[in-house]
Amino acid sequence: RVPGMHVHAFSPMEVVNGATRTGMSIREWLTAAKEAGLDSVPGTAAEILDDEVRWILTKGKLPAATWTEVIETAHDLGIR
108 RVPGMHVHAF
118 SPMEVVNGAT
128 RTGMSIREWL
138 TAAKEAGLDS
148 VPGTAAEILD
158 DEVRWILTKG
168 KLPAATWTEV
178 IETAHDLGIR
């Protein structure tokens with residue numbers, strides 16, 4: 108930790124990728140990231156949270172439910 112530094116990192120897609128690669132749940136991965144100094148995550152890729160439209164316009168992005176799970180879990184853990 109660096110005093111006075113705010114760490115804003117890891118999009119929802121990066122959180123899911125990190126959790127998958129380490130065999131951790133999203134909650135476990137975010138908890139570890141918070142313990143390592145993560146303060147907030149960007150809300151990127153939330154342009155459209157209707158999966159039918161989202162898939163047509165943004166193939167390859169997380170399903171809306173997974174995106175929401177990451178953001179809600181981060182907020183539950185005090186990560187903004």
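Each residue of the sequence shown is one higher than the one before, starting from 108 at the first, in my numbering. Ideal Cβ placement from N, Cα and C applies to all residues, glycine included. Given the structure is predicted, the values throughout are model-derived calculations rather than measurements.
Same chain, Cβ closer than 6 Å to G167, five either side skipped, listed in chain order:
none
Rounded straight-line distance, which links the Cα of F117 to that of G144:
12 Å
Within 8 Å, do at least three Cβ pairs link the stretch 158-167 to the stretch 129-141?
no
Which residue marks the beginning of the beta strand (DSSP E) containing D158, and which one marks its end?
Careful: D158 lies outside any beta strand (DSSP E), inside the alpha helix (DSSP H) at 158-164.
Ignore the nearest five residues each way along the sequence and tell me which others in D146's own chain have a CB closer than 8 Å to its CB.
H113, V114, H115, I186, R187
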